[in-house]
Amino acid sequence: MTAQPAGSEQTPDAFETNRRYLGSVAYRLLGSFTDAEDVLQDAWLRWQAADRAAVTDPRAFLTTVVTRLCYDQLGSARARREAYYGEWLPEPSVSYASAPDSPAELAERGESVSLALLAVLEQLTPAERAAFVLHDVFAVGFEDIAASLDRTPDATRQLASRARRRVRDGGPHPGADPAEHRRAVEAFAAASTKGDILGLMEILDPDVVWHADGGGIVRAAARPVHGADRVARLVAGLVDRWFTPELGLGHATVNGEPGLLWYEKATGAVGGVMAFTLAGGRITEAYIVVNPEKLTRISPVTTP
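Numbering-wise, this note's numbering puts 236 at position 253 of the sequence shown, and it's gapless, one number per residue.
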């Protein structure tokens, strides 16, 4: 039997030690927890087969492996999403915690990426997305990114710069103050549950855009809906038609920002998640995920 290198009995734990970080990288690169888990499984197998004695920095090595696997998936994922029924939105990350994350937790997950920003990242090329996410979200150096993408450091720097411009031009406005964001979400929830069209129009930007993802499974607008009047009437109609006494509306943190979800009071099962972007205290975009396949990882609501 071949002798194990000194200290090798500790190296298998390197993957588990970095699992949360690697999962965060994969999710932000792919916008899908399901795809991210598939990547982590493949990365684990490659880690098991690696010559660990030659790996001087396991975290950097594993980041490179995960990035390459995600990069390979992004091309096929784009083709699948082009054939998707209606608008494709990323899977939401939902937390019920009211306390802010600790600095260690934030470092482990990387900078929070809103659902709106993840949707905009879909417009980037796979290489642009990888360079932007790794550098701007996880602060990975361009030398390491270059190794992951088989590019030069200068080329990856240009990719990140180009992606940054595209995100700035087509992405959400800079994040609102959390208290202001929460107040707007609360005002939207209050007006929605009352079917108050005028109240909705007060909190909606005149050029608001409504994005919905039902995946062809749950009925949802197949195309974005534009304008405060149309969105307000759409929301009021949906509440009147579908919101029954058996459903509850709750507040949650959605991809690091105040959002909403609705759930069955009897079971706590979540039926939909809403995220918002703001400008000037008004909602400029709403992102609604009701595709049940994208809600399976959300814990049931246990308290209103």
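Quick reminder that beta carbons are idealized off the backbone N, C-alpha and C, glycines included. Only a predicted model underlies this, so the values are computations on that prediction, with no experimental measurement involved.
Close Cβ partners of SER78 (< 6 Å) along its chain, the five nearest in sequence each way excluded: THR236
DSSP three-state assignment for TYR79, whether helix, strand or coil: Three-state result, TYR79: coil.
Under 7 Å between C-beta atoms of LEU101 and PRO73: yes
Three-way DSSP call (helix, strand, coil) for TRP27 in this model: helix
Bounding residues of the beta strand (DSSP E) (the contiguous stretch that carries PHE259): Secondary structure note for PHE259: its beta strand (DSSP E) is the uninterrupted segment 253 to 262.
Three-state class that DSSP yields for LEU278 in the structure shown: Coil.
Uninterrupted beta strand (DSSP E) stretches inside the region 163 to 198 (no shorter than 3 residues): 187 to 196
Spatial distance of ALA130 from ASN274 (CA atoms): 37 Å
Where TRP245 sits in the DSSP three-state scheme: strand
Segment contact flag, the region 231 to 251 with the region 131 to 143, C-beta cutoff 8 Å, min 3 pairs: no
Own chain, CB closer than 7 Å to ALA9, minus 5 neighbours either side, in chain order: Closer than 7 Å at the Cβ level, and outside the excluded window around ALA9, lie ALA19, VAL22, LEU23, VAL49, CYS53.
Reduced DSSP category for PRO86 - H, G, I as helix; E, B as strand; rest coil: At PRO86 the pLDDT is 48, less than 50, meaning the model places this residue with poor confidence and gives no usable figure here.
Residues near THR16 by beta carbon distance below 7 Å, same chain, minus five either side: Looking at the sequence provided, one finds Phe at residue 16 rather than Thr. The residues are TYR10, GLU74, ARG280.
Simplified DSSP assignment, three categories, for LEU232: LEU232: strand per DSSP, three-state reduction.
For TYR67, three-class secondary structure by DSSP: Look at TYR67 here: in three-state DSSP terms it is coil, with no helix or strand label.
Neighbourhood of GLY264 by C-beta, 7 Å cutoff - its chain only, sequence neighbours within 5 removed: Correct list, in chain order: GLU163, ALA167.
Cβ distance (whole Å) where ILE266 is taken to contact VAL150 below 8 Å: Rounded, the Cβ-Cβ distance is 20 Å, inconsistent with contact.
Inter-residue CB distance, GLY178 and GLY69 (contact presumed, cutoff 8 Å): About 25 Å separates the two Cβ atoms, so there is no contact after all.
Contacts around GLU(-1), its chain only, beta-carbon distance under 7 Å, and the 5 residues preceding and following it disregarded: The beta carbon of GLU(-1) sits closer than 7 Å to none of the beta carbons in its chain outside the five residues before and after it.
Spatial distance of PRO83 from GLU185 (CA atoms): In this prediction, PRO83 has a pLDDT of 49, which is less than 50 and means its spatial position is unreliable; nothing more can be read from the coordinates.
Exposed unless 16 or more other CB atoms sit within 10 angstroms - verdict on ARG51: Residue environment analysis places ARG51 among the buried positions, since at least 16 neighbouring C-beta atoms fall within 10 angstroms of its C-beta.
Minimum C-alpha distance to THR176 - residue among ARG61, ALA219, SER76: Ranking the options by Cα distance to THR176, first place goes to ALA219.
Where ARG35 sits in the DSSP three-state scheme: helix
Classification of LEU181 by the beta-carbon crowding that lies within 10 angstroms, buried from 16 upward: exposed
Extent of the continuous alpha helix (DSSP H) to which ARG202 belongs: Segment: none, ARG202 is in no alpha helix (DSSP H) and carries neither H nor E.
Minimum C-alpha distance to ALA143 - residue among VAL123, GLY153, ARG165, GLU111: Nearest neighbour of ALA143 by Cα position, chosen from VAL123, GLY153, ARG165, GLU111, turns out to be GLU111.
Exposure of GLN31, with buried meaning 16 or more beta-carbon neighbours within 10 Å: Its Cβ having fewer than 16 others within 10 Å, GLN31 is exposed.
VAL237 (DSSP reduced to helix, strand or coil): strand
Closest residue to TRP245 among GLU268, LEU221, THR260 (Cα-Cα distance): LEU221
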